[in-house]
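Shown next, in structure tokens, is the structure this report addresses.
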Amino acid sequence: MVNTSGTVNFYNNDFMRTLFPLKTGKILIETGSAEIFAYIGDCISTNSNLNRTFLPQTRAYAAKVGNHLRRTVKLDPVAELFLYDLSYRNRSKFRAPFKDHKKHFGYRFENGEPISATDSYSGFKGAISDYRSLYQHNLSFDVASFFNSIYHHDLVSWMATIGADEQDYHAFGKFLRETNSGRSIDCLPQGIYPAKMIGNDFLRYIEQYSSLRSPAILRFMDDFVLFSDNEDHLWEDFYTIQKLLGDKGLSVNPTKTKFGAQSHVDMENNVSEVKAKLLKKRRFLMTTYTDDGGEEITEMHSEEELSPEEIGFVRELLSASHIEEEDAELILSIFKDYPNEVMPHLPTIATRYPHLAKNIWSFCRHVDDDEFIEYLCSQLLDLQSTQEYQLFWIGQILEDYLLDSPSAPNIIDQAMNHKNASYISKAKILEIPDSRYGLTEMRDSHLGAGRSDWLAWASAVGHRHLPAISRNHKLSYFANSSSMNNLIHSILQKV
Numbered sequence: 001m002v003n004t005s006g007t008v009n010f011y012n013n014d015f016m017r018t019l020f021p022l023k024t025g026k027i028l029i030e031t032g033s034a035e036i037f038a039y040i041g042d043c044i045s046t047n048s049n050l051n052r053t054f055l056p057q058t059r060a061y062a063a064k065v066g067n068h069l070r071r072t073v074k075l076d077p078v079a080e081l082f083l084y085d086l087s088y089r090n091r092s093k094f095r096a097p098f099k100d101h102k103k104h105f106g107y108r109f110e111n112g113e114p115i116s117a118t119d120s121y122s123g124f125k126g127a128i129s130d131y132r133s134l135y136q137h138n139l140s141f142d143v144a145s146f147f148n149s150i151y152h153h154d155l156v157s158w159m160a161t162i163g164a165d166e167q168d169y170h171a172f173g174k175f176l177r178e179t180n181s182g183r184s185i186d187c188l189p190q191g192i193y194p195a196k197m198i199g200n201d202f203l204r205y206i207e208q209y210s211s212l213r214s215p216a217i218l219r220f221m222d223d224f225v226l227f228s229d230n231e232d233h234l235w236e237d238f239y240t241i242q243k244l245l246g247d248k249g250l251s252v253n254p255t256k257t258k259f260g261a262q263s264h265v266d267m268e269n270n271v272s273e274v275k276a277k278l279l280k281k282r283r284f285l286m287t288t289y290t291d292d293g294g295e296e297i298t299e300m301h302s303e304e305e306l307s308p309e310e311i312g313f314v315r316e317l318l319s320a321s322h323i324e325e326e327d328a329e330l331i332l333s334i335f336k337d338y339p340n341e342v343m344p345h346l347p348t349i350a351t352r353y354p355h356l357a358k359n360i361w362s363f364c365r366h367v368d369d370d371e372f373i374e375y376l377c378s379q380l381l382d383l384q385s386t387q388e389y390q391l392f393w394i395g396q397i398l399e400d401y402l403l404d405s406p407s408a409p410n411i412i413d414q415a416m417n418h419k420n421a422s423y424i425s426k427a428k429i430l431e432i433p434d435s436r437y438g439l440t441e442m443r444d445s446h447l448g449a450g451r452s453d454w455l456a457w458a459s460a461v462g463h464r465h466l467p468a469i470s471r472n473h474k475l476s477y478f479a480n481s482s483s484m485n486n487l488i489h490s491i492l493q494k495v
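In full-length UniProt numbering, the protein residues as written are 1 to 495.
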């Protein structure tokens with residue numbers, strides 16, 4: 001029997017760093033990895049009589065900086081475990097850069113473990129600083145909508161090129177085709193480490209191109225920085241790289257292209273010394289980076305206390321009539337020991353900056369006032385503009401902090417019936433193993449409707465706390481609706 005514990009550990013370690021960490025998938029993968037791997041085998045086998053396929057995946061929209069949306073999908077447990085396993089088994093194929101001065105950072109395995117995005121991004125930033133002191137000129141740019149623009153066949157060809165065996169790259173092609181309903185672009189999910197590994201390695205052909213004349217080229221995912229004493233060489237390489245990207249249907253983002261000493265990847269040199277120190281501390285708190293080079297806080301842990309000068313600086317930020325987006329993220333990252341000073345500003349931050357919803361969930365663990373957290377959630381739920389990503393993290397806040405609060409029924413009702421509620425944000429509520437507030441009846445309505453989607457799967461997993469006699473009858477009919485439902489039913493019998 002193949003040892004799959006490495007894949008499951010890889011998945012578990014990445015779980016809370018993902019955009020939509022539904023516990024439904026985690027519970028099913030932890031409890032039934034053997035059953036899911038057998039199901040995957042039927043999906044990719046050319047000899048199986050079952051004719052199973054990967055399911056089309058559910059579209060989801062995470063929030064980005066500046067009120068933009070990140071279009072992605074939430075993979076079902078079968079598709080998700082397949083991608084983690086494919087990347088884990090082929091981890092040795094994701095190789096380190098060949099050259100010291102033309103290299104990429106991040107998202108591969110080293111010494112048997114996935115490289116920390118924090119360490120890698122810090123290395124990227126440090127290398128930029130070093131090369132800026134060596135060369136007169138630099139040029140930075142990134143790829144426009146990188147993950148949403150990669151062509152299906154180019155990904156399969158890349159996997160064959162790195163040395164994956166034929167069965168793996170054919171299975172990868174089947175996965176990309178079937179999970180995306182046959183569409184050839186926008187087929188790679190975002191926000192999970194395996195996809196970041198794939199996207200990061202896919203672009204290595206750029207810095208390896210032999211005709212580039214810049215003596216130093218650095219890349220983190222799709223963020224590039226070129227260095228040279230010769231300005232003409234930078235522009236020649238820029239034109240060449242655009243053509244190389246164009247061969248894959250990719251293009252440069254015009255709004256992110258910067259020439260000269262100041263670039264979007266080295267903004268800390270433009271701020272005060274105190275803020276620079278705080279940004280450095282913040283970077284050590286980071287545990288994940290988004291696919292377009294953005295940063296997200298998932299856990300805040302630091303034993304280093306803030307100095308009186310740093311505390312004073314943050315208090316100045318809080319006293320501003322308008323807290324800027326980057327300052328709001330900094331405050332949530334490093335001022336967790338002073339929640340009472342941040343709380344008056346949280347409703348404004350939460351409504352003005354949707355992409356900080358996950359940061360706010362993390363910050364709320366340091367807030368002792370449950371009534372305030374209830375008020376914060378109610379304020380968001382009353383707004384018609386609250387987005388799917390925020391609704392998901394309101395569900396997580398509910399589960400972690402407010403299940404016993406008087407406002408729990410109202411939060412559930414508003415979150416489930418909000419005009420922007422999605423299958424994924426509703427699934428977050430349905431998977432909560434609680435019988436109060438009508439949750440059991442909500443789950444029953446999805447289990448008995450013949451559905452095979454996240455609402456039904458989360459409802460099945462949400463019933464896990466019920467006695468076997470209370471849930472088995474309902475789940476047996478749920479199992480009849482599809483082979484995926486039957487798989488989930490067989491796993492939940494072990495819970």
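Glycine residues also receive a C-beta, built at the ideal position from the N, C-alpha and C atoms.
The count of Cβ pairs closer than 8 Å, one atom from the stretch 236-254 and one from the stretch 137-154, reaches three, so the stretches are in contact. Looking at the backbone, the Cα of A216 and that of F54 are separated by about 42 Å.
Exposure of H465 is indicated by the presence of fewer than 16 other C-beta atoms within 10 angstroms of its C-beta. Ranked by Cα distance from A63, the first of H152, L356, R436 is L356.
Your pair E310 and L278 checks out as a contact, with CB atoms roughly 6 Å apart and the cut at 8 Å. For the pair Y401 and I373, the CB atoms are nearer than the 7 Å cut-off.
For S333, the enclosing alpha helix (DSSP H) starts and ends at 325-334. For P354, same chain residues with a beta-carbon under 7 Å away, outside a window of 5 residues either side, are A63, N67, Q387, Y389, Q390 in chain order.
At a cut-off of 3 residues, the continuous stretches assigned as beta strand (DSSP E) that sit fully inside the stretch 173-228 are 216-220, 223-228. The C-alpha of Y88 lies about 10 Å from the C-alpha of F94. Ranked by Cα distance from L455, the options T58, S435, G126, L69 are led by T58.
Inter-segment contact for the stretch 140-157 and the stretch 249-262 is present: three or more beta-carbon pairs are separated by less than 8 Å.
In the displayed model, P254 falls within a helix according to three-state DSSP. Across the structure, A449 and H473 are spaced so that their CA atoms are roughly 14 Å apart.
Counting the other Cβ atoms within 10 Å of the Cβ of N485 gives 16 or more, which makes it buried.
Boundaries of the beta strand (DSSP E) harbouring A62: 58-63, taken from the DSSP string. In the pairwise beta carbon analysis, the stretch 474-481 is classified as touching the stretch 439-447: at least three pairs are separated by under 8 Å. By DSSP's assignment, K74 forms a beta bridge with T58. In the three-state scheme derived from DSSP, where H, G and I count as helix and E and B as strand, L306 is classed as coil.
When DSSP states are grouped into helix, strand and coil, V143 belongs to the strand group. Taking C-beta separations shorter than 6 Å and ignoring five residues to either side along the sequence, the partners of H233 in its chain run R213, S214, following chain order. Burial state of R17 is buried, judged by a 10 Å Cβ sphere holding 16 or more other Cβ atoms. The Cβ atoms of A458 and E431 sit closer than 7 Å to each other. When C-beta atoms of the stretch 419-435 are compared with those of the stretch 16-35, three or more pairs fall below 8 Å, so the two segments count as touching. In the DSSP assignment, K103 falls within the beta strand (DSSP E) that extends over 102-105. F259 is bridged by DSSP to L139.
Take the alpha-carbon of D223 and the one of S482: they are about 42 Å apart.
DSSP places V8 in the uninterrupted alpha helix (DSSP H) bounded by 5-14. The Cβ-Cβ distance between K74 and I424 falls below 7 Å.
Under the 10 Å beta carbon count, K99 is surrounded by fewer than 16 other beta carbons and is classified as exposed. DSSP places E431 outside both helix and strand once states are collapsed to three, so it counts as coil. In this structure the stretch 366-383 lies against the stretch 403-419, because at least three pairs of beta carbons, one per stretch, are closer than 8 Å.
Inclusion of Y131 and D229 in the CB contact set at 7 Å is not warranted, their separation being larger than that value. For N340, the uninterrupted alpha helix (DSSP H) run begins and ends at 339-342, by DSSP. Between K125 and F15, the alpha-carbon positions lie close to 26 Å from each other. Check the Cα spacing between I185 and each of Y169, I162, G249, I192: the tightest is with G249.
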